[in-house]
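> This structure is in structure tokens; I'll ask about it shortly.
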Amino acid sequence: MSIVANSTPAASCLPPPRSPSHLRSQSENIVSQPPRYSSLNGALPANFSLDAVNDIINNTAINLDGVSPPLRPPRYSSVFHTTTLNREGRAEERRRARRATPGSNHDQDRTASSFSSARVFEYHIKGNGKTSPWATLKVYSRSAASAPSTSNAEAQKIPRFTGQDLFQGSLELDLDSPQTINSISLSLRGRVVTSSYDDGSATFLDHHIVSWNRNKGDPREMLLAQVGSTSSAPSSSRSPSPKKFEGKLSGQYSWPFSFPFPSSVVIPGQADAVQIPQTFLERNVKGSVQYELVLRITHGMLRSDSKLQVDVSYVPDITPSPSSILRQLSYGENLAIPGPEVDPAGWSVLPPVTMRGKLFGERNVKFQCTLSLANPKSYTRGTFIPCHLSVYSSDTEALELVATPKHIAVHLVRRVQYYQDPNARTGNNGNGAASSPVESQVEVERAVWWTSQDVTETTLAAEATSRQFSGEIHLDKDLQASSVFPLFKISYDVELLPFRSSVFQPSRMKATSSDEENGKSTRRGYSNSDIRNELDVHSRPLLSHPVTIATLHGEGPTPIPFTKPKPRKDRRARRTTKREYTYLPHAGQLF
1 MSIVANSTPA
11 ASCLPPPRSP
21 SHLRSQSENI
31 VSQPPRYSSL
41 NGALPANFSL
51 DAVNDIINNT
61 AINLDGVSPP
71 LRPPRYSSVF
81 HTTTLNREGR
91 AEERRRARRA
101 TPGSNHDQDR
111 TASSFSSARV
121 FEYHIKGNGK
131 TSPWATLKVY
141 SRSAASAPST
151 SNAEAQKIPR
161 FTGQDLFQGS
171 LELDLDSPQT
181 INSISLSLRG
191 RVVTSSYDDG
201 SATFLDHHIV
211 SWNRNKGDPR
221 EMLLAQVGST
231 SSAPSSSRSP
241 SPKKFEGKLS
251 GQYSWPFSFP
261 FPSSVVIPGQ
271 ADAVQIPQTF
281 LERNVKGSVQ
291 YELVLRITHG
301 MLRSDSKLQV
311 DVSYVPDITP
321 SPSSILRQLS
331 YGENLAIPGP
341 EVDPAGWSVL
351 PPVTMRGKLF
361 GERNVKFQCT
371 LSLANPKSYT
381 RGTFIPCHLS
391 VYSSDTEALE
401 LVATPKHIAV
411 HLVRRVQYYQ
421 DPNARTGNNG
431 NGAASSPVES
441 QVEVERAVWW
451 TSQDVTETTL
461 AAEATSRQFS
471 GEIHLDKDLQ
481 ASSVFPLFKI
491 SYDVELLPFR
501 SSVFQPSRMK
511 ATSSDEENGK
521 STRRGYSNSD
531 IRNELDVHSR
541 PLLSHPVTIA
551 TLHGEGPTPI
561 PFTKPKPRKD
571 RRARRTTKRE
581 YTYLPHAGQL
591 F
């Protein structure tokens, strides 16, 4: 028996992807001059009077015959409100058009669009010395991912699904001679794998797709009965039990399937269903999350079972909340985003931290740093995290030499948390031994900084003793999404580290009791002395704040970066696991 897999496109022409931006300018090439406010969507003609504008805002009847003085720029709120109304009106027209189409519904549209833009992946089982397959598994997917490969050859493509996709395909048998088949089972399985041992994996998803055995009767009659039950009205009488099938299978059989990808499961010990994690498999992390189709066909005592395992990739749907109105308008019109003082609703200002050290190895200096992150603190991969840093020091020389964009160190750190024995995460396994949690930590991105151009009364008054910086943390489009799945957690933190300057040596700080209570600069399950011994003074963060990495774009225009991200190969070169910790037993549970 041999297993062969191949994939072919289901449609020769794919529709172009829709842009998630709704407030972008029609032309992105014209960026030399900022747009006039009078040309913004929602502005009024120049012959309107100011009284007419007020009447429009107050929804009163007006007379527009007279000529008026030039208008002032429209309010941000009116521009955003008008644009939102236009967008909602167009969406409502599309919904009415779909409802007016005879026989159309959401599920039919979803199924049709999935098949029209999908590619088909075929997996075959061959045997008995024949070149043609006798079992074929077909899977339809709108996109593909690279399968893990241990060789230098090009990685095989596998089906890729998101939380909003339908899982569609079919299982087909083409038996040119009678065969003894006792049972057929096809299921979608999700597992957390931590080792190759028996207790090194836990199955959290087992969705049955096809299930047949001889007690269910003739498979051909069963398929016909299923088709009839879906096309006719439900009967009040109970159908009789099928007669056990005693013969052999011969000819052609087909089991089509279509169902929403199961995006959440119920875990023992959890009150509510939890979202399943993204496919995760990295060379430097022992734990992994794997999804696969498992086909098993049993024949009898004289013939071994026919098996087929097909890897599939899954990405959850995580959508961030809309950003502030001022930031959306800035993105839509290619303007610089306002800082925390201009747009306080658009920023989360973190508690200030003090950085102490020696300048030229002689003079003691200190800096007070305040880091701000853009609200909401959920960012779509492939975009960036807007940052703002305010630095204050009474030592103007130290401020001039040390507080510069190239010396600022702000990193995005990913932590992957899992159990060595995922089946015993709550305490004990079958042998009564406790499971040890493991954490892998890696720096995935670094912020790029420049001197802020925001000028306010506060910044002008403190110009001699403070500096303002704007920054961006560019996110790779393939960055793993955040996950709170109990068996396999993926979390991200933005960390502020000491300045990295040749003329400044930061002091070795001791963790205080307040640090332990707030979790600042410490890891759960480790004593402060352990961390001080492991980390040098430049690597220990002064501040760490959690953020969420999303997979879908939120409402509003696509964020426009101020800086150009570095090539992906240069950014990925830093992604080597810094440390992998096994938590101490006295530290308590990780999850």
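Just so we're aligned, residue 1 is where the sequence shown starts under full-length UniProt numbering, counting upward by one. The beta carbon of each residue, even a glycine, is placed where N, CA and C say it ideally should be.
TYR197 lies in the beta strand (DSSP E); which residues open and close that run?
Careful: TYR197 lies outside any beta strand (DSSP E) and carries neither H nor E.
> Please list, in chain order, all residues of the same chain as THR370 whose beta carbon is under 6 angstroms from its beta carbon, the five residues on each side excluded.
The answer, listed in chain order, is PRO352, SER390.
> Return the chain-ordered list of same chain residues with a C-beta closer than 6 angstroms to the C-beta of ARG191, the five sequence neighbours on each side being excluded.
Excluding sequence neighbours, ARG191 sits near SER201, THR203, GLN290.
> In whole angstroms, what separates the C-alpha of LYS138 from that of TYR123?
Taking the straight line from one Cα to the other gives about 7 angstroms.
> Please name the residue, chosen from LEU175, ARG160, GLN328, that lies closest to GLN168 on a Cα-to-Cα basis.
Considering only alpha carbons, the answer is ARG160.
> How far does the beta strand (DSSP E) with GLU439 in it extend, from its first residue to its last?
Run containing GLU439: 437-446, per the beta strand (DSSP E) assignment.
> Please name the residue, chosen from SER195, VAL120, SER143, that lies closest to TYR419 on a Cα-to-Cα basis.
If we check each option's Cα against that of TYR419, SER195 comes out closest.
> Quick one, which of PHE562, THR551, THR563 has its alpha-carbon nearest GLN164's?
Selected option, being the one with the closest Cα: THR551.
> Does the separation of the CB atoms of SER378 and GLY554 fall below 9 angstroms?
Contact flag set, yes.
> Is it the case that the CB of ILE473 approaches a heavy atom of the ligand ADP more closely than 8 angstroms?
Looking at this structure, you won't find the ligand ADP or any other ligand, since it has none at all.
> Do SER372 and SER348 come within 9 angstroms of each other at the CB atom, strictly closer than that value?
Yes, these two residues count as a Cβ contact at 9 angstroms.
> From what residue to what residue does the alpha helix (DSSP H) around LEU401 run?
Per DSSP, LEU401 belongs to the alpha helix (DSSP H) from 396-402.
> Return the CA-CA distance between GLY287 and SER483, expressed in angstroms with no decimal places.
Each residue's Cα considered, the two are about 14 angstroms apart.
> Note down the Cα distance separating LEU188 from ILE297, rounded to an integer number of angstroms.
Computed Cα separation, rounded: 15 angstroms.
> Take PRO546 as the anchor and find which of GLY332, VAL274, ARG414 has the nearest alpha-carbon.
It is ARG414.
> Tell me which same chain residues have a C-beta within less than 6 angstroms of the C-beta of TYR314, skipping the five on either side of it?
PHE161, THR279, TYR291.
> Write down the C-beta distance between GLN275 and PRO242 rounded to the nearest angstrom, noting that I regard them as a contact closer than 8 angstroms.
In fact, because the Cβ distance is near 38 angstroms, the residues do not count as touching under 8 angstroms.
> Can you tell me which of PRO256, LEU295, VAL442 puts its alpha carbon nearest to the alpha carbon of LEU308?
Minimum Cα distance to LEU308 is reached at LEU295.
> Alpha carbons only, please: which of ARG500, ARG467, ALA398 is nearest the one belonging to SER452?
Here the closest residue by C-alpha is ARG467.
> In terms of residues, what are the limits of the beta strand (DSSP E) holding LEU412?
From DSSP, the beta strand (DSSP E) with LEU412 extends over 409-419.
> Please name the residue in ILE209, GLY382, GLY300, GLU445 whose C-alpha comes closest to that of PHE259.
Residue ILE209 is the option with its Cα nearest to PHE259.
> Please classify GLU495 as buried or exposed, where buried requires at least 16 neighbouring CB atoms within 10 angstroms.
Classification for GLU495: buried.
> How should ALA118 be labelled, buried or exposed, when 16 other C-beta atoms within 10 angstroms of its C-beta is the threshold for buried?
Classification of ALA118: buried, given that the 10 Å Cβ count is 16 or more.
> Kindly indicate the opening and closing residues of the alpha helix (DSSP H) around LEU326.
Per DSSP, LEU326 belongs to the alpha helix (DSSP H) from 325-332.
> Let me know the secondary structure DSSP gives PRO219 once reduced to three states.
Three-state DSSP puts PRO219 in a helix.
> If we count the other Cβ atoms within 10 Å of its Cβ and call it buried at 16 or more, is residue 599 buried or exposed?
Outside the shown range of the chain (1 to 591) lies residue 599, about which nothing can therefore be said.
> Closer than 6 angstroms by C-beta to GLU172: which residues in its own chain qualify, once you throw out the five before and the five after it? Chain order, please.
If we look at GLU172 and ignore the five residues flanking it on each side, its Cβ neighbours are THR136, SER254.
> Please report the straight-line C-alpha distance between PRO277 and PHE384, rounded to a whole angstrom.
Whole-angstrom Cα-Cα distance: 22 angstroms.
> Does DSSP put LYS126 in a helix, in a strand, or in coil?
Of the three classes helix, strand and coil, the one that applies to LYS126 here is strand, per DSSP.
> Using 10 angstroms around the beta-carbon of MET355, count the other beta-carbons present and answer buried if the total reaches 16, otherwise exposed.
MET355 should be labelled buried.
> Is the beta carbon of ARG327 less than 9 angstroms from the beta carbon of PRO340?
Against a cut-off of 9 angstroms, the Cβ pair of PRO340 and ARG327 comes out as no contact.
> Round the Cβ separation of LEU479 and VAL444 to the nearest angstrom and send it over; I've been treating them as touching at under 8 angstroms.
Indeed, because the Cβ distance is near 7 angstroms, the residues count as touching under 8 angstroms.
> I'd like the list of long-range same chain contacts for HIS207, defined as Cβ closer than 7 angstroms, with 5 residues on each side in sequence excluded.
Excluding sequence neighbours, HIS207 sits near SER187, LEU188, PRO262.
> Could you pull out every residue in the same chain whose Cβ sits closer than 8 angstroms to the Cβ of ASP305, ignoring the five residues on either side in sequence?
These residues qualify, in order along the chain: ARG296, ILE297, THR298, HIS299.
> Counting along the chain, where does the beta strand (DSSP E) carrying LYS307 start and finish?
Run containing LYS307: 306-315, per the beta strand (DSSP E) assignment.
> For ILE184, is the classification buried or exposed, using 16 other Cβ atoms within 10 angstroms of its Cβ as the cut-off for buried?
It counts as buried.
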